[in-house]
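One structure below.
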Amino acid sequence: MHTSGPEVRPTYTAAYDTVAERDYLACHEFGHTLGLRHSGDAASCLFPNSATSGVLTSNEIVELNAHYEIPQ
Ligand SMILES: [Zn+2]
347 MHTSGPEVRP TYTAAYDTVA ERDYLACHEF GHTLGLRHSG DAASCLFPNS ATSGVLTSNE
407 IVELNAHYEI PQ
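Taken in order, the sequence shown gives residues 347 to 418; the numbers are from this note's numbering.
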């Protein structure tokens, strides 16, 4: 392991160290990857800087279903 170089993002070493925080982070970033923006709803994982929810709201699920609807 290389240890003599500068440490990358040292503030992240203590962050997201619980399952709930990692669930929030994964939901948040996958939401962005799929095209969702930040939410004003604190119940959503797309609510910025809130590691309290690891879920999408029903409105976000409707938005994703509409965006990725399979043609009939
Ligand atoms: Zn974000």
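Glycine included, every Cβ here is placed at the ideal spot set by N, Cα and C.
Note that the structure is predicted; figures quoted are calculated from it, not measured.
Pop quiz: P394 and H378 are said to be a contact at Cβ under 8 Å. What is the actual Cβ separation, rounded to whole angstroms? Not confirmed; about 11 Å, so no contact.
Does the beta-carbon distance from L382 to L392 come in below 7 Å? The Cβ atoms of L382 and L392 sit closer than 7 Å to each other.
Below 7 Å between beta carbons: does that hold for D387 and T398? Cβ distance not < 7 Å, so D387 and T398 don't count as in contact.
Helix, strand or coil: which one does DSSP assign to E415? Residue state, collapsed to three classes: coil.
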